[in-house]
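The block underneath contains the structure these notes are about, expressed in structure tokens.
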Amino acid sequence: MHSLRLLTLSNGAHLLLKGSPSSRTALLRRERSFLETEAQFLSLLAQSANPCIPQLYYYDPHGRLWGSAYLIRQYMKGKSLAEMEGELTSQQRDGIDRHLGFLVSAIGQNAAPGFGSLQQVAFGAGRPSWREAFCALFEGILRDAEDMFIHLPYSEIRHELSRLAPALEDVSLPRLVVVDFGRPSHVLVNEESGQLSGVVDFSSAVWGDVLMAEIFANASPAVLQGAGMAMSRTREENIRLVLYACYRLVSQITVQYYRNRDETSEFDARRRLTTTIAEMTRLKLA
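Position 7 of the sequence shown, counted from 1, bears residue number 278 in our numbering, the numbering being contiguous throughout.
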């Protein structure tokens, strides 16, 4: 979706230029601010100097030199976890999971005065509760789907979201979370050592609940250990995880209609959405 260009400096160092999507690209509501979100996220994390998170060198929201907004960041070496999955030993995979768990927890140590997008909060327009912010985020993707006349059980999804939303009230402190964090295509691995070498794409960051990170969808014991979290979940945490799973699946289905459609991926997401909605209907609030 975003244009990526590798820049080579005279000293041999590499940088990565990430540009805005083409004006002809149909975008989901949340995607319209992805580049700005990533720039804000990298600025927030600049002081952490974590070697697995790229440094931001420049962000031009107006595109004076490029014609559209772009950012320049550190180039991260490594092969994606999606490509390396079958080559890793169980010990190497556990090590990567522990490191990812530590990273998602460290990112979550950053807090804000309000919930919602990084832009909203930066302008003092954050939501007062995670319940309100998440429901607005979910409504956005549902409207994206409706705009494309995608067949989905909208009324059932909205009903279950409204019914289970009180479980979101347990999240009282807005923490920094990358919604897509842990996605194998965004995780880079050193081919020689089999260790985590970097994480890329922070465009889905919001101020919200750390548990919304994709890595907690089916977290391994090593992820939870790295994050310093208990192996068991409270009733409210389980409800929140199911709500996040539903949001993620609706997003996966919807994006198929905005990009080159992959019917196999869509079918799989629809099958899992049916299972997730059935699970939602069985959940009871305390």
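Note that CB positions come from ideal geometry on N, CA and C, so glycine has one too.
inquiry  = Here's the rule: buried if 16 or more other CB atoms are within 10 angstroms of the residue's CB, otherwise exposed. What is T547?
reply    = Your numbering for residue 547 matches position 276 in the sequence shown. So T547 ends up on the buried side.
ask   = Relative to the alpha-carbon of F405, which residue among F394, R414 and F386 has its alpha-carbon at the smallest distance?
value = Sequence index remark: in the sequence shown, residue 405 carries index 134 (1-based). Checked all of F394, R414 and F386; the closest Cα to F405 is F386.
Start-end ranges of the beta strand (DSSP E) lying completely within the region 401-489, minimum 3 residues = Runs found: 446-449, 458-460, 467-470 and 476-479.
request  = Could you tell me which of H273, S388 and S456 sits nearest to L298, measuring between CA atoms?
outcome  = Stepping through the sequence shown from its first residue, residue 298 is reached at position 27. Shortest Cα-Cα distance from L298 to any of H273, S388 and S456 involves H273.
inquiry  = Can you check which of these residues, Q527, S339 and G349, is closest to M420 by C-alpha distance?
reply    = The residue labelled residue 420 in the question sits at position 149 within the sequence shown. In the sequence as presented, Met is not what sits at residue 420; that position holds Phe. The shortest C-alpha separation from F420 is found at Q527.
ask   = Are the beta-carbon atoms of N381 and R301 separated by less than 8 Å?
value = Within the sequence shown, residue 381 is the residue found at index 110, counting from 1. Within the sequence shown, residue 301 is the residue found at index 30, counting from 1. Result no, Cβ atoms of N381 and R301 do not sit closer than 8 Å.
key: Sub-8 Å separation of Q311 and Q326 beta-carbons   = Residue numbering aside, residue 311 sits at position 40 when the sequence shown is read from its first letter. Residue numbering aside, residue 326 sits at position 55 when the sequence shown is read from its first letter. Not closer than 8 Å, so no.
request  = Assign E417 to one of two classes, buried (16 or more other C-beta atoms within 10 Å of its C-beta) or exposed (fewer than that).
outcome  = Along the sequence shown, one-based indexing puts residue 417 at 146. Here E417 is exposed: its Cβ has fewer than 16 other Cβ atoms, across all protein chains shown, within 10 Å.
query = If you follow the alpha helix (DSSP H) that Y515 is part of, which residue opens it and which one closes it?
reply = As a working note, residue 515 is residue 244 in the sequence shown. Judged by DSSP secondary structure, Y515 falls within the alpha helix (DSSP H) whose first and last residues are R506 to Q527.
task = Please report how far the alpha carbon of K348 lies from the alpha carbon of V471, in whole angstroms.
result = Working through the sequence shown from its first residue, we reach residue 348 at position 77. Working through the sequence shown from its first residue, we reach residue 471 at position 200. Straight-line measurement puts the Cα of V471 at about 10 Å from the Cα of K348.
ask   = Under the rule that 16 or more other beta-carbon atoms within 10 Å means buried, what is F538, buried or exposed?
value = Translated into the one-based positions of the sequence shown, residue 538 becomes position 267. When all chains shown are included, F538 counts as exposed.
task = Report the rounded CA-to-CA distance for G465 versus L408, giving the unit in angstroms.
result = Counting from 1 along the sequence shown, the entry for residue 465 is found at position 194. Counting from 1 along the sequence shown, the entry for residue 408 is found at position 137. The alpha-carbon atoms of G465 and L408 are separated by roughly 36 Å.
inquiry  = For a quick check, are the C-beta atoms of I286 and L278 less than 8 Å apart?
reply    = Here the question's residue 286 lines up with position 15 in the sequence shown. Here the question's residue 278 lines up with position 7 in the sequence shown. In the sequence as displayed, the identity of residue 286 is Leu instead of Ile. With respect to the 8 Å criterion, L286 and L278 are classified as neighbours on the basis of their beta carbons.
query = Does the region 326-343 come close enough to the region 397-404 to have 3 or more Cβ pairs within less than 8 Å?
reply = A contact is defined here as three or more CB-CB pairs under 8 Å, and the region 326-343 fails this definition with respect to the region 397-404.
task = Name the two residues that bound the continuous alpha helix (DSSP H) containing H370.
result = Numbered from 1 along the sequence shown, position 99 holds the residue referred to as residue 370. Here the alpha helix (DSSP H) through H370 covers S361 to I378.
ask   = With distances taken between CB atoms, is the gap from T525 to D415 smaller than 8 Å?
value = In the sequence shown, residue 525 corresponds to position 254, counting from 1. In the sequence shown, residue 415 corresponds to position 144, counting from 1. The answer is yes: Cβ separation under 8 Å.
query = Which residues in the same chain as S339 place their Cβ atom closer than 7 Å to its Cβ, once the five residues preceding and following it in sequence are excluded?
reply = Stepping through the sequence shown from its first residue, residue 339 is reached at position 68. If we look at S339 and ignore the five residues flanking it on each side, its Cβ neighbours are G290 and S291.
inquiry  = Just to check my reading of the structure: V450 and M483 have Cβ atoms closer than 8 Å, yes? What is that Cβ distance to the nearest angstrom?
reply    = Taking the sequence shown and counting its residues from 1, the one referred to as residue 450 is at position 179. Taking the sequence shown and counting its residues from 1, the one referred to as residue 483 is at position 212. The Cβ separation is near 6 Å, so the contact holds.
task = Kindly indicate which three-state DSSP category I343 falls into: helix, strand or coil?
result = Here the question's residue 343 lines up with position 72 in the sequence shown. I343 carries a strand assignment under DSSP once its states are collapsed to helix, strand and coil.
request  = Within the same chain, show all residues whose beta-carbon is closer than 7 Å to that of Y341, passing over the 5 residues directly before and after it, in chain order.
outcome  = The residue you call residue 341 lines up with position 70 of the sequence shown. Excluding positions up to five away in sequence, the list reads L288, K289, G290, S291, D331 and G334.
key: Where S274 falls: helix, strand or coil (DSSP)   = By one-based count along the sequence shown, residue 274 stands at place 3. Here DSSP, grouped into helix, strand and coil, assigns S274 to strand.
task = Write down the C-beta distance between L352 and V458 rounded to the nearest angstrom, noting that I regard them as a contact closer than 8 Å.
result = Reading the sequence shown from its first residue, position 81 is the one you call residue 352. Reading the sequence shown from its first residue, position 187 is the one you call residue 458. Sure, about 4 Å apart at Cβ, within 8 Å.
Cut-off 6 Å between Cβ atoms - residues of its own chain near A383, not counting five sequence neighbours on either side = For the purposes of this step, residue 383 is taken as the residue at position 112 of the sequence shown. Hits under 6 Å: V392, P445 and W478.
query = What number of angstroms, rounded off, separates the C-alpha of E427 from the C-alpha of C323?
reply = Against the sequence shown, residue 427 aligns to sequence position 156. Against the sequence shown, residue 323 aligns to sequence position 52. In this structure, the CA atom of E427 is about 41 Å from the CA atom of C323.
ask   = Are the Cβ atoms of V448 and I367 separated by less than 8 Å?
value = By 1-based counting over the sequence shown, the position of residue 448 is 177. By 1-based counting over the sequence shown, the position of residue 367 is 96. No, Cβ-Cβ distance for V448 and I367 is not below 8 Å.
request  = Please go through the same chain and pick out, in chain order, the residues whose beta-carbon is closer than 8 Å to the beta-carbon of L371, but skip the five residues on each side of it.
outcome  = As a working note, residue 371 is residue 100 in the sequence shown. Cβ within range, chain order: F452, G453, V458, L467, V470, I486, V494 and G497.
ask   = Would you report the Cα separation of V456 and Q523, rounded to the nearest angstrom?
value = Translated into positions along the sequence shown, residue 456 becomes position 185. Translated into positions along the sequence shown, residue 523 becomes position 252. In the sequence as displayed, the identity of residue 456 is Ser instead of Val. When only Cα atoms are considered, S456 and Q523 end up about 15 Å apart.
ask   = Can you list, in chain order, the residues of its chain whose CB lies under 8 Å from that of V521, leaving out five sequence neighbours each side?
value = The count along the sequence shown starts at 1 and reaches residue 521 at position 250. Shown here for V521: same chain residues with a beta carbon closer than 8 Å to its own, the five before and five after excluded, namely F409, I412, L413, A416, L423, I428 and L544 in chain order.
task = Please name the residue, chosen from G283, Y518, T296 and S314, that lies closest to R530 on a Cα-to-Cα basis.
result = Walking along the sequence shown from the start, residue 530 turns up at place 259. The closest CA to that of R530, considering only G283, Y518, T296 and S314, is found on T296.
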